[in-house]
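For the record, the sequence lines run as chains G and C. In this text, residue positions in the first sequence follow this note's numbering: the first is 32, and each later residue adds one. In this text, residue positions in the second sequence follow this note's numbering: the first is 255, and each later residue adds one. Ideal Cβ placement from N, Cα and C applies to all residues, glycine included.
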Amino acid sequence: MMEDGDYKVRIEQFEGPLDLLLHLVGRARINIEDIFVSDVTGQYLEYVSSMGALSMESASEFLEMAATLLYIKSRMMLPSEQVEEEEEDPEQELIQRLKTYKVYKEAAEALKGYEARAEHVYFKLPEEIGFPGEKLLLEQMTLDGLCAAYLEVLSRQPDAEMERIEEVEIRKDTYTIRERARYIMRMLNQYGMTTFSKLFSEARSRLEVAVTFVALINMLHRNLISIQQDGCFEEIYISKRTEEAAG
Amino acid sequence: MNEDIIAGALESILYMAGDAVEAADIATALEIETDQLDDIVTRMMEKRLQERSGLQIIKVGSKLQMCTIPEYAPYIEKVLAPVKKTRLSQSMLETLAIIAYKQPITRFEIEQIRGVKSSYSIAALLEKGLIQRAGRKKTLGNPMLYVTSDEFLRHFGLQSLDELPPLNLSEA
């Protein structure tokens, strides 16, 4: 039956039994309706029986169709009255399935053309839009204003750089809290009491002021001294704490 | 806002987004009706075509997107060598065609038409983003329903499902 020399299709070429049947119908140049009055079903059976190793799944699909075709063939051999008793008509059902499948197979073919055409259109990748959530608003701010502010800072500390270098080189570690505390104690032992302004009047650098101040606070915290001030911006008096007062 | 400004704003939005943008969102931002935006897009496209512009604005369902014009593809490919889009296999194409025309549809219904198991094709189409799940059918077993996606429209160069090639139902 497969007398065509060039008829060497492989089962893998087909999407399934319906596809193979359609192929055979097309090759026989008949309409789908005439499938059962042609040799197509016979060709199908022959084809399936000759097919080599297939996966279980696709083999079962082809075999199921073979069974359907054999069933239809056997029915056709029965007297017609008996056939009409049955409600379902497997012939017409299969013909309908083939027609429906053909419609979508053709649609898929048409889509293939669309696909080939659309292939040449390029899209930009979606942008990760980097708008910041919060913006720093610099209102009423001009470059001139920024420059003026910077110049003002500079004018306030004309020799800051020089001073700092001196201190680092010469006076670093000159002032320690312990040494300043001893100095304050010496003052108090000598004069009984001293004042805040006097304590700092002899200071030679900011560092000395700062360390002396920390020492003062430290002594106050340890209940070694007491301070007294009569009012805002008045002189602050520093005196040694007596034993009684401390108790 | 005059039409030129709307056109300019639209272009800048689509350029920046890269992805497809809902036409309705753009219309709202530009304070015009969606129909009006539609007309403007049509006129813009005519103008771009005349001017031999390299970019076009396409509709992807209810969205708008900017992309290149096919005839310039050879030049893009010479300079940038973009990764070639892979075409779909026969079984994927068939499965997709059935989903496209009969959506929403279940796997069982697809297999009824094709006569073969289609779970592999469906999984592959889902992975490519060409189809998506659309809830479950209220029937025995509540099977999953599938529909095509915006990516499907883009892949086939369709503006909407109305542009699908008509089915040849004369024989069916």
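- Nearest to Y400 of chain C by C-alpha distance, out of C:S373, C:Q319 and C:I280, is C:S373.
- Pairing L384 of chain C with F406 of chain C gives a Cβ-Cβ distance under 9 Å.
- Nearest to A378 of chain C by alpha-carbon distance, out of C:Y326, C:S343 and C:L284, is C:S343.
- Near chain C, meaning a CB-to-CB distance below 9 Å, the residues of the segment 131-148 of chain G are T131, Y132, K133, V134, Y135, K136, E137, A138, A139, E140, A141, L142, K143, G144, Y145, E146, A147 and R148.
- For K339 of chain C, the chain G residues whose Cβ falls inside 7 Å of its Cβ are E150, in order along the chain.
- I323 of chain C sits in coil when the DSSP states are folded into three classes, being neither helix nor strand.
- For the segment 229-274 of chain G, the full-length alpha helix (DSSP H) segments reaching 4 residues or more read 237-252 along the chain.
- The residue among G:Q127, G:M108, G:R106 and G:L109 with its C-alpha nearest the C-alpha of L53 of chain G is G:Q127.
- In the three-state DSSP reduction, Y206 of chain G falls in the coil class, being neither helix nor strand.
- The residue from C:L418, C:A261 and C:V275 with its alpha-carbon nearest to that of R297 of chain C is C:A261.
- The distance from the Cβ of A281 of chain C to that of D404 of chain C is about 18 Å, inconsistent with a contact at the 8 Å cut-off.
- Annotation: Cβ neighbours of R128 of chain G in chain C (cutoff 9 Å, chain order): Q366, I367 and G369.
- Taking a Cβ-Cβ threshold of 8 Å, the residues of chain G close to E348 of chain C are E46, Y135, K136 and A139, in chain order.
- R148 of chain G: member of the alpha helix (DSSP H) spanning P121 to A149, first to last residue.
- By the rule that beta-carbons nearer than 9 Å mark a contact, F154 of chain G touches chain C.
- Between L418 of chain C and chain G, the shortest Cβ-Cβ separation is below 9 Å.
- K313 of chain C sits close to A277 of chain C, with the two beta carbons spaced by under 9 Å.
- Using a 10 angstroms sphere on the CB of G395 of chain C, the tally of other CB atoms stays under 16, which defines it as exposed.
- Closest option to V134 of chain G, judged by alpha-carbon separation, among C:R390, C:P420 and C:T322: C:P420.
- By the neighbour-count criterion, in which 16 or more other beta carbons inside 10 Å mark a residue as buried, C263 of chain G falls on the exposed side.
- T288 of chain C is not bridged by DSSP to any residue.
- CA-to-CA, the gap between T288 of chain C and A263 of chain C works out to about 15 Å.
- Listed along the chain, the chain C residues whose CB falls inside 8 Å of the CB of E92 of chain G are G369, V370 and K371.
- A distance below 8 Å between beta-carbons, with the five flanking residues on each side excluded, links L309 of chain C to the following residues of its chain, in chain order: R302, M320, C321, T322 and I323.
- For the pair K136 of chain G and V56 of chain G, the Cα-to-Cα distance works out to about 14 Å.
- Rounded to the nearest angstrom, the gap between the Cα atoms of K382 of chain C and Q366 of chain C is 23 Å.
- Restricted to the segment 373-405 of chain C, the beta strand (DSSP E) segments that are unbroken, complete and at least 3 residues in length are 385-390 and 398-402, listed in chain order.
- For A263 of chain C, no Cβ of chain G is located within less than 9 Å of the residue's own Cβ.
- As DSSP reads the structure, K313 of chain C sits in a beta bridge with C:L318.
- Interface with chain C (9 Å Cβ-Cβ cutoff): D50 of chain G is included.
- Against P157 of chain G, the close residues of chain C are A271, G272 and D273, in the order they occur along the chain (beta-carbon pairs closer than 8 Å).
- For T340 of chain C, the secondary structure class from DSSP, reduced to helix, strand or coil, is coil.
- Scanning chain G for C-beta atoms nearer than 8 Å to the C-beta of F410 of chain C yields L142, Y145, E146 and A149, reported in chain order.
- In the structure shown, I294 of chain C adopts helical secondary structure according to DSSP, grouped into three states.
- Residue contact with chain G for I376 of chain C: absent (no Cβ-Cβ distance below 9 Å to any residue of chain G).
- Using a Cβ-Cβ cut-off of 9 Å, Y400 of chain C does not count as an interface residue toward chain G, since no Cβ of chain G sits closer than that to its own.
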